[in-house]
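Novice: Numbering (numbering that gives the first Met the number 0), first residue to last: 0 to 60. Each residue gets a CB set at the ideal place from its N, CA and C atoms; glycine is no exception. Before I ask anything, here is the structure I am working with.
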Amino acid sequence: MITKDMRIVDVLQVKPDAARVFGSYGMGCIHCLMAHQETVEEAAAVHGVDVEEMLAQLNAQ
């Protein structure tokens, strides 16, 4: 299960298809340095995304 406190890079290791979900929210830099530091919640806040909505999509895959 993907949680909001997971780092983006960790999500991608567990679910490589999550890149499509992140991309659909305008998060194109999922392989950049920030992906190794930012949590799902932090990335959602920076991009103005509802973290619960995004988590639902990430976990639906």
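Between the alpha carbons of L57 and A17, how many angstroms are there, rounded?
Specialist: Between L57 and A17, the C-alpha separation is close to 6 Å.
Novice: Go to D9, then tell me how far its alpha helix (DSSP H) extends in each direction, as first and last residue.
Specialist: Taken as a continuous stretch (DSSP letters only), the alpha helix (DSSP H) holding D9 covers I7 to V13.
Novice: Quick one: what's got a C-beta closer than 6 Å to F21's C-beta in the same chain, skipping five residues either side?
Specialist: Excluding residues within five positions, the ones whose Cβ falls inside 6 Å are I29.
Novice: Starting from the Cα of A60, find the closest Cα among M5, R6, V10 and D4 and give me that residue.
Specialist: Reading the sequence as shown, one finds Gln at residue 60 and not Ala. Selected option, being the one with the closest Cα: V10.
Novice: Find out if the Cβ-Cβ distance for the pair L54, I7 is shorter than 9 Å.
Specialist: No. Outside cutoff.
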